[in-house]
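Below is one structure, written out as structure tokens; the observations come after it.
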Amino acid sequence: MCTNKLTSEKFQDLAKFIDDLEDKQGALIEVLHKAQGLFGYLPEEVQIFVADKLNINVSKVCGVVSFYSYFNTKPRGKYVLSICMGTACFVKGAGDVLKEFEKQLNIKAGETTEDSKFTIDVLRCVGACGLAPVVTVNNKVYGHFTVDMVSKLLKEYSELEG
């Protein structure tokens with residue numbers, strides 16, 4: 073049920089975006105952001121395409137993709153559950169919250185459910201230490217998060233599907 077298929081239309085959209093750039097030399101990160109927005113992630117074939125269109129070595133593209141944690145090389149779920157593991161959150165039980173998400177979804181941090189609905193992610197700090205522990209879902213912040221809230225949150229997002 074992956075909704076981020078590698079379609080020729082998306083490659084055409086990316087090609088047009090790159091062709092319309094004034095300065096292709098310094099545009100790699102901007103292009104990668106656009107590509108990830110189109111495809112949902114940056115698989116090898118997209119990285120090769122970007123390298124070809126920007127006339128740079130694919131190893132440079134791969135290096136940037138692997139360096140920045142924002143970029144993903146695997147498909148992500150519709151809902152990305154990010155658990156902050158910064159000091160304040162960790163001390164207040166974020167590790168237990170993470171374990172509960174992993175248990176209920178039957179996946180580990182960095183993985184996506186088979187139905188492509190949820191991905192579990194770990195963050196170092198979201199800058200909301202006063203709300204610790206913090207969980208975000210697609211960047212929406214949930215503070216003072218406890219193990220007991222995991223089921224309710226998963227149910228809430230599962231029901232959004234209709």
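Going by my numbering, the first residue of the sequence shown is number 73, and it counts up by one from there. For every residue, glycine included, the Cβ atom is placed at its ideal position computed from N, Cα and C. This one's a predicted model, so the numbers in the text were calculated from it and none came from an experiment.
Given residue i, which residues of its chain have a CB within under 6 Å of its CB, disregarding the five upstream and five downstream residues?
i    : result
T75  : For T75, the predicted structure reports a pLDDT of 44, less than 50, and the residue's modelled location is therefore unreliable. A value from the coordinates is still provided. Within the same chain, T75 has no close Cβ partners at all.
R196 : G158
Y214 : V207
Which residue comes first and which comes last in the beta strand (DSSP E) that contains residue i?
i    : result
V219 : Taken as a continuous stretch (DSSP letters only), V219 belongs to no beta strand (DSSP E), as it is neither H nor E.
T208 : V207 to V209
By the three-class DSSP mapping on this structure, what secondary structure does residue i have?
i    : result
F143 : coil
I155 : strand
D193 : strand
Y113 : coil
V136 : helix
V213 : strand
I90  : helix
From residue i to residue j, what distance separates their C-alpha atoms?
i    : j    : result
Y151 : D95  : 34 Å
I120 : V219 : 42 Å
L86  : E186 : 28 Å
L224 : H105 : Residue identity check: residue 224 is Lys in the sequence provided, not Leu. So the two alpha carbons sit approximately 32 Å from each other.
D92  : L110 : 16 Å
K212 : L126 : 34 Å
L203 : K175 : 24 Å
D193 : S154 : 4 Å
V137 : K180 : 22 Å
I117 : S131 : Note that residue 117 corresponds to Glu in the displayed sequence, not to Ile. Approximately 13 Å, taken between the alpha carbons.
Y229 : E81  : 29 Å
E102 : V222 : 35 Å
G182 : L100 : 25 Å
Along the alpha helix (DSSP H) that carries residue i, what are the first and last residues, could you check?
i    : result
D95  : Counting along the chain, D95 falls outside any alpha helix (DSSP H), and DSSP gives it neither H nor E.
G167 : A166 to L177
Buried or exposed for residue i, going by 16 or more other Cβ atoms inside 10 Å?
i    : result
T191 : buried
M73  : Reliability fails at M73, whose pLDDT of 36 lies under 50, so the model's placement of it is uncertain and the value that follows must be treated cautiously. By the neighbour-count rule (16 or more Cβ atoms within 10 Å), M73 is not buried but exposed.
Q108 : buried
L177 : buried
I90  : buried
E231 : exposed
F139 : exposed
E172 : buried
N144 : buried
T79  : exposed
G149 : buried
G98  : exposed
Grab me the residues of residue i's own chain with a C-beta within less than 8 Å of its C-beta, minus the 5 sequence neighbours each way, in chain order.
i    : result
N129 : A123
Which same chain residues, not among the five before or five after residue i, have their C-beta less than 7 Å away from its C-beta?
i    : result
F236 : Within the shown structure, residues of the chain are numbered from 73 to 234, placing residue 236 beyond reach of any answer.
P205 : C156, C161, K164, G165, A166, V169 and F217
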